[in-house]
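Below is one structure; the comments refer to it alone.
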Amino acid sequence: MPDISDLVQFSKTIRMDVLNMCEQTGTGHVGSAFSVADILAVLYSGILQGQPIDPERDRLLLSKGHACAALYSVLYRKGIIPKNVFETYARNGTHLGHHPHFEPAIGLEANMGSLGHGLPIAVGLAFAAHKQKSAARVFVVQSDGETNEGSVWEAALFAAHHKLNQICMTLDANKMQAMGFTKDILLPTDHAVRWQSFGWEVVEVDGHDHRALWETYSRLGTSPKPLAVIAHTIKGKGVSFMENQLLWHYRCPKGNEFHAALQELSGSPKK
Amino acid sequence: MRSTFFQNFFRLVDEGHPLHLLTADLGFGVLTPYLDKYADHITNVGVAEANMIGLAAGMAMRNIRPFCYSMVPFLVFRTLDQIRTDLCASRLPVTLVGVGSGLSYGMEGMTHHAIEDIAVTRALPGMTILSPGDPLECEALLFQSLNLQTPCYLRLGSNNDLRVHTEEPPVVLGKLSCLHARGEVAIITTGSLLPSCAKAVHLLAEAGIPCRLYSAHTLKPFDEAGVIDIASSCKAIVSAEEHSVINGLGTAIVEVLLQYRYAGRFAKIGVPDEYCSQLGSRDWLRDHYGLDAASIAATVRNLFTN
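Going line by line, the protein sequences match chains A and B. Numbering of the first sequence is given in this note's numbering, commencing with residue 40 and proceeding in unit increments. Numbering of the second sequence is given in this note's numbering, commencing with residue 747 and proceeding in unit increments.
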């Protein structure tokens, strides 16, 4: 396990990258990227094995593709996206738009942006790996609003039926979606109960607790069932005036907002 | 056509191709004889077509070649977002095998009719569309499609499709197949309307009008050179398809003829822009819409002689 302080520092770097990317281009989903930052920081600090060109690599699909600024930052900081490519984010002619575009060589494993696609593809990868007797694992990160999509549950049933324990689904449960709080939009349910009822091994975790995330991901494969990690997160995590504010699903920080956010992020990490 | 497809699919499995059949809970009877022997190459994903496409994308990323099997409407329309995003935009070699093209399942109602599938899939970048007109075309196209490294849509009619082709000339993916080469008028057709068109050509011959017959079994990429070749030597061309008149074979031909500045006559035979308000068997619906052999022959005769 890496030093926790290194993971905390990595998360801080990701959030500052995201803030800069969004401020410079006037685009991006800051709140969603902040919510998933710690999950990605942990996954890319030793959980995921193998390089992008390795056919037997572990793969990560960011099904909540709108949070991709955080993923681009991680892939850049890990040397997978080259600097000159990273710097083109959201600029005309770029490969790095507001949702990941299929380019495995730079760690973008599928086209993401239409919700409810990541889990079926991940399950297909895991099913194929299982058939090929490969140990390669698949990690997929979904948003809680995304589970409104029926395809999520089609895939969930398939993975459980075929006992695909090479797959780990993280639910970035920040309790908000595009138009409001998830509980106000469709019947509020207990995510853990729901995934359990679909035949998954379920672990609930604080999605901003690096140690807890690391320990949870390390459990993958110890149960015969696929693993659902219900990561309770805060939208906009890390900047007080962005936290739990729907506005920051869309808004890009400008002027004083940007400086205030940067100052908060560069200080002691909030817990 | 389904039987032909499955026989040859499992022949390819026997030859060692890394194929995998995903079915969305369809194929009872026709697939049953293969279930035990090929258990490692068949998965019933349940009545869950959207997941089937995503699943296939994931499998293709690990170099298994999935074939997704269902009825056309559920396979193509319900899953269009998955097809465009997960397959076409990633250019993954997944084959969609749709049964019940056109009005094959006539009495089942509009939910089971498939008259807009060419229109929709033609617009998908990177998609190959194969629409065999008889079992020999189905077999040849299936084998040749394994050379593609991109998504493919194989649209099949129901069973009992008649053999029209002889062994020569061989069917070539991407090229129009010529079944009758003489005459100054030509029918170009696709899919399971081929036997009706062959019969229409026979009726025309009896009436003293020699008519050429071509099967456009590959709708995308479309054989533009083949159409231009026909246009350069025919006074009249008729397209015939068990599909909407909008954006199907007829439209593909018109696009070529306009660029070529074709001066001859052209008529498009197909299903009008409507969902069937009256139901019936496939043959009854073909009569109803003028897709039967006699009606096709009449359309050709009127176009050519008036």
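Even glycine gets a Cβ: it sits at the ideal position worked out from N, Cα and C. Computed from a prediction, not measured in an experiment: that's the story for all the values here.
Alpha carbon to alpha carbon, how far is H134(A) from H140(A)? Give it in angstroms, no decimals.
The residue given as residue 140(A) occupies position 101 in the first sequence. The residue given as residue 134(A) occupies position 95 in the first sequence. If I take the Cα positions, the gap works out to 7 angstroms.
Identify the residues that DSSP records as bridge partners of Y960(B): which are they?
Position 214 of the second sequence, counted from the first residue, corresponds to residue 960(B). DSSP lists C924(B), I934(B) as partners of Y960(B).
Residues in the same chain with beta-carbon distance under 7 angstroms from L939(B), minus the five sequence neighbours each way, listed in chain order, please.
Start at 1 with the first residue of the second sequence, and residue 939(B) comes out as number 193. If we look at L939(B) and ignore the five residues flanking it on each side, its Cβ neighbours are A986, E987, E988, L1037.
Short of 7 angstroms Cβ to Cβ, which residues in the segment 225 to 257 of chain A face chain B?
none
With a threshold of 8 angstroms, are at least 3 pairs of Cβ atoms found where one atom belongs to the segment 269 to 277 of chain A and the other to the segment 245 to 261 of chain A?
yes
Please classify F178(A) as buried or exposed, where buried requires at least 16 neighbouring CB atoms within 10 angstroms.
Sequence index remark: in the first sequence, residue 178(A) carries index 139 (1-based). Buried, since its Cβ has 16 or more Cβ neighbours within 10 Å.
Leaving out the 5 sequence neighbours to the left and right, which residues in its chain are closer than 8 angstroms to G1026(B) when beta-carbon positions are compared?
If you number the second sequence from 1, residue 1026(B) lands on position 280. Excluding positions up to five away in sequence, the list reads G852, M853, H1034.
Interface flag, A194(A) vs chain B, CB-CB below 7 angstroms:
To locate residue 194(A), count along the first sequence from 1; it is residue 155. Judged by the 7 angstroms Cβ criterion, A194(A) is in contact with chain B.
Closer than 9 angstroms, Cβ to Cβ, to anything on chain B: give me those residues from the segment 164 to 179 of chain A, in chain order.
L164, A165, F166, A167, A168, K170, Q171, S173, A175, V177
Limits of the beta strand (DSSP E) - the one that T874(B) falls within:
Locating residue 874(B) in the second sequence gives position 128, where the first residue counts as 1. Its beta strand (DSSP E) spans residues 874 to 876.
By Cβ distance below 6 angstroms, which residues in the same chain neighbour P764(B) in space, the five residues on each side in sequence not counted?
Taking the second sequence and counting its residues from 1, the one referred to as residue 764(B) is at position 18. Correct list, in chain order: I810, R811.
Just how far apart, CA to CA, sit F823(B) and R258(A)?
In the second sequence, residue 823(B) corresponds to position 77, counting from 1. In the first sequence, residue 258(A) corresponds to position 219, counting from 1. Those two C-alpha atoms are separated by around 39 angstroms.
Which residue marks the beginning of the alpha helix (DSSP H) containing N295(A), and which one marks its end?
As a position in the first sequence, residue 295(A) is number 256, starting the count at 1. Looking at the DSSP string, the run of the alpha helix (DSSP H) that includes N295(A) is 294 to 305.
Work out the CA separation of L767(B) and G775(B) for me, nearest whole Å.
Sequence index remark: in the second sequence, residue 775(B) carries index 29 (1-based). Sequence index remark: in the second sequence, residue 767(B) carries index 21 (1-based). C-alpha separation (whole angstroms): 15 angstroms.
Just grab the DSSP bridge partners of Y815(B) for me.
Here the question's residue 815(B) lines up with position 69 in the second sequence. Note: Y815(B) sits in a beta bridge opposite T769(B), V843(B).
So, L772(B) versus V843(B), is the Cβ gap smaller than 7 angstroms?
Within the second sequence, residue 772(B) is the residue found at index 26, counting from 1. Within the second sequence, residue 843(B) is the residue found at index 97, counting from 1. No, these two residues do not count as a Cβ contact at 7 angstroms.
Over what stretch of residues does the alpha helix (DSSP H) that includes G972(B) continue unbroken?
Residue mapping note: residue 972(B) aligns to position 226 of the second sequence, counting from 1. Looking at the DSSP string, the run of the alpha helix (DSSP H) that includes G972(B) is 970 to 977.
Tell me the residue span of the beta strand (DSSP E) that contains M208(A).
As a first step, residue 208(A) is located in the first sequence; it is residue number 169 there, counting from the start. Counting along the chain, the beta strand (DSSP E) containing M208(A) begins and ends at 206 to 212.
Give a yes or no on whether the minimum CB-CB distance between S182(A) and chain B is below 7 angstroms.
Numbered from its first residue, the first sequence carries residue 182(A) at position 143. No, no contact with chain B.
If we cut at 7 angstroms on Cβ distances, does H298(A) have a partner in chain B?
Numbered from its first residue, the first sequence carries residue 298(A) at position 259. No - not a single Cβ of chain B is within 7 angstroms of the one on H298(A).
Answer with buried or exposed for T935(B), where buried requires no fewer than 16 other C-beta atoms within 10 angstroms of its C-beta.
As a first step, residue 935(B) is located in the second sequence; it is residue number 189 there, counting from the start. The residue in question, T935(B), is buried, as its Cβ has 16 or more Cβ neighbours within 10 Å.
CA nearest to the CA of E240(A), picked from D223(A), H200(A), L147(A):
On the first sequence, position 201 is the one that residue 240(A) refers to. With distances taken between Cα atoms, E240(A) lies closest to H200(A).
Between the CA atoms of P292(A) and V180(A) - distance to the nearest angstrom
For this step, residue 180(A) is matched to residue 141 along the first sequence. For this step, residue 292(A) is matched to residue 253 along the first sequence. The straight-line gap from Cα to Cα measures roughly 25 angstroms.
Would a check of beta-carbon distances place N187(A) closer than 7 angstroms to chain B?
Position 148 of the first sequence holds residue 187(A). Chain B, which has no Cβ nearer than 7 angstroms to the Cβ of N187(A), makes this no.
Below 7 angstroms on C-beta distance, what does H156(A) contact in chain B?
Position 117 of the first sequence holds residue 156(A). In chain order: G800, Q828, T831, D832.
What does the Cβ neighbour count give for V984(B), buried or exposed, with the cut at 16 atoms within 10 Å?
Position 238 of the second sequence holds residue 984(B). By the 10 Å Cβ count, V984(B) comes out buried.
Check for me: the alpha helix (DSSP H) holding S749(B) runs from which residue to which?
As a working mapping, residue 749(B) is identified with position 3 in the second sequence. Counting along the chain, the alpha helix (DSSP H) containing S749(B) begins and ends at 748 to 760.
H911(B) and D863(B) - do their beta-carbons sit closer together than 7 angstroms?
By one-based count along the second sequence, residue 863(B) stands at place 117. By one-based count along the second sequence, residue 911(B) stands at place 165. For D863(B) and H911(B), no; Cβs fall outside 7 angstroms.
Classify V991(B) as helix, strand or coil using the three-state DSSP reduction.
In the second sequence, counting from the first residue as 1, residue 991(B) sits at position 245. Note: V991(B) maps to coil in three-state DSSP.
Taking three-plus beta-carbon pairs below 8 angstroms as touching, is the segment 149 to 163 of chain A in contact with the segment 789 to 809 of chain B?
yes
Out of curiosity, what's the CA-to-CA distance linking I224(A) and L888(B)?
Here residue 224(A) corresponds to residue number 185 of the first sequence, with the count starting at 1. Here residue 888(B) corresponds to residue number 142 of the second sequence, with the count starting at 1. C-alpha separation (whole angstroms): 46 angstroms.
Check whether chain A comes within 7 angstroms of R808(B), counting only Cβ atoms and requiring the distance to be less than that.
Taking the first residue of the second sequence as position 1, residue 808(B) is located at position 62. R808(B) counts as touching chain A.
Under 7 angstroms, Cβ to Cβ, is there at least one residue of chain A near G804(B)?
By one-based count along the second sequence, residue 804(B) stands at place 58. Output row for G804(B): interface = yes.
Which of the three DSSP states is assigned to N790(B) in this structure?
Taking the second sequence and counting its residues from 1, one reaches residue 790(B) at position 44. Here N790(B) sits in strand by DSSP.
Per DSSP, cross-strand counterpart(s) of R1011(B):
Start at 1 with the first residue of the second sequence, and residue 1011(B) comes out as number 265. Looking at the DSSP assignment, R1011(B) forms a beta bridge with A982(B).
Proximity below 7 angstroms, CB of A946(B) to CB of A1043(B)
Within the second sequence, the letter at position 200 stands for residue 946(B). Within the second sequence, the letter at position 297 stands for residue 1043(B). Yes.
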